[in-house]
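**Q**
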Amino acid sequence: MFVRLSAAIAAVSLLSSAPFAQGTKPTDPQIAHIAYTAGVIDVAAAKQALAKTSNKEVKAFAEDMVRDHEAVNKQALDLVKKLNVTPEDNDTSKTLSKNAADKLAELGKLKGADFDKAYVANEVAYHKAVDSALETSLIPSANNAQLKSLLQTGLKIFQGHEQHAEHVAAMLK
Amino acid sequence: MENLVISPADASAKVGDTIEWVNKDIFAHTATARNGDWDVTLPPKKSAKLVLKKAGTVEYYCRFHPNMKATLTVAP
């Protein structure tokens, strides 16, 4: 029984690695990398949705994701260039990217309403997680004032995304 | 429009006036009348103008960021 139990636990922890681990404080170069990665991920997810969906609301939501995340990322790139900071890869970014790749593959197998519901549900969960990480870890840990300010702007926009996603999810029920 | 807020939230004008929205954000916004009268797109860091042709109170919002809301009262 013990062998089976630990196999089950191992299976659950492999399924969804928690990317935002509590523990060491991320540095500014790491924060920049995490924030940028989180944006790139959402743009990729949105592009998959735009290719697959025929639902007007989902399309509008996905277009918002592309537009807004690309705007924040452009600002982030301009800022790191100005500050002469090189974004630094880290475990959080790696886990985010791995989870996103898995999710893209999983969603890739779905079609029609099944895809729409799964995409939007994931967007709700994803934005909740990113917003929480911004609030509890990335923003408080940021040293540079301009980086902090950009993250705060990002948080405001992404909270709106979360609401929008919840609204679309309710409509798709 | 700045930091995802439209200000002033309430404004007044007269028929024939031109209203100009200034988007100071890095994000694109819209000024979209709920009654369907007008729908103005504001690219990041750009402005747009609209000539007010109808009297009445118009509630409007940003289609991309629906939390951004404002009201425009147009006198005849």
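Here the protein sequences line up with chains A and B, keeping their order. Quick note on numbering: the first sequence equals residues 9 to 181 in my numbering. Quick note on numbering: the second sequence equals residues 16 to 91 in my numbering. Just so it is clear, CB atoms sit at the ideal spot from N, CA and C, and this is done for glycine as well. Since this is a predicted model, take the numbers as computed values, not measurements.
(1) Using a C-beta to C-beta distance shorter than 9 Å, which residues of chain A count as neighbours of Ala-8 of chain B?
(2) Extract the residue ranges of the alpha helix (DSSP H) inside the stretch 105-130 of chain A, only unbroken runs of 4 or more that lie entirely within it.
(3) From which residue to which residue does the beta strand (DSSP E) around Val-20 of chain B run?
(4) Measuring CA to CA, which of A:Ser-157, A:Lys-67, A:Val-48 is closest to His-77 of chain A?
(5) Looking at the ligand SAM, does it come within less than 8 Å of Asp-52 of chain B, judged from the CB to the closest heavy atom?
(6) Measuring straight from C-alpha to C-alpha, what distance separates Phe-123 of chain A and Glu-143 of chain A?
(7) Select from B:Ser-62, B:Lys-64, B:Gly-31, B:Val-89 the residue whose C-alpha is nearest the C-alpha of Gly-71 of chain B.
(8) Taking 9 Å as the CB-CB cut-off, is His-135 of chain A touching chain B?
(9) Using a Cβ cut-off of 9 Å, which residues of the stretch 57-80 of chain B contact any Cβ in chain A, in chain order?
(10) How about Lys-84 of chain B: is its C-beta nearer than 9 Å to some C-beta of chain A?
(11) For Lys-29 of chain B, which residues does DSSP report across the bridge?
(12) Pick from B:Asn-50, B:Ala-43, B:Glu-74, B:Asp-25: whose alpha carbon is nearest that of Ala-63 of chain B?
(13) From what residue to what residue does the alpha helix (DSSP H) around Glu-174 of chain A run?
(14) Going by CA-CA distance only, name the one from A:Ala-129, A:Asn-98, A:Ala-178 that's closest to Thr-32 of chain A.
(15) Determine, using beta-carbon pairs with one atom in the stretch 41-56 of chain A and one in the stretch 65-84 of chain A, whether at least three such pairs fall under 8 Å.
(16) Note down, in chain order, every chain B residue with its Cβ under 8 Å from the Cβ of Gln-154 of chain A.
(17) May I ask you to list, following chain order, the residues of the stretch 91-118 of chain A that have a beta carbon less than 8 Å from some beta carbon of chain B?
(18) Cβ of Leu-87 of chain B less than 9 Å from any chain A Cβ?
(19) Within 10 angstroms of the Cβ of Glu-35 of chain B, are there 16 or more other Cβ atoms? Answer buried if so, exposed if not.
(20) Just to confirm before moving on: does the CB-CB distance between Thr-94 of chain A and Pro-34 of chain A stay below 9 Å?
(21) His-41 of chain A and Glu-96 of chain A: beta carbons closer than 9 Å?
(22) From the DSSP output, which residues share a beta bridge with Glu-96 of chain A?
**A** This is what the structure gives:
(1) This structure does not reach residue 8 of chain B, given that chain B is present from 16 up to 91, and the question cannot be answered.
(2) none
(3) Neither: Val-20 of chain B is in no beta strand (DSSP E) and is coded neither H nor E.
(4) A:Val-48
(5) The ligand SAM is not among the ligands present in this structure, which contains no ligands whatsoever.
(6) 30 Å
(7) B:Val-89
(8) no
(9) Pro-59, Arg-78, Phe-79, His-80
(10) no
(11) B:Ala-90
(12) B:Ala-43
(13) 153-180
(14) A:Asn-98
(15) yes
(16) By Cβ distance, chain B contributes nothing, its closest Cβ being about 13 Å from Gln-154 of chain A, past 8 Å.
(17) none
(18) no
(19) exposed
(20) no
(21) yes
(22) According to DSSP, which records beta bridges pairwise, Glu-96 of chain A is partnered with nothing at all.
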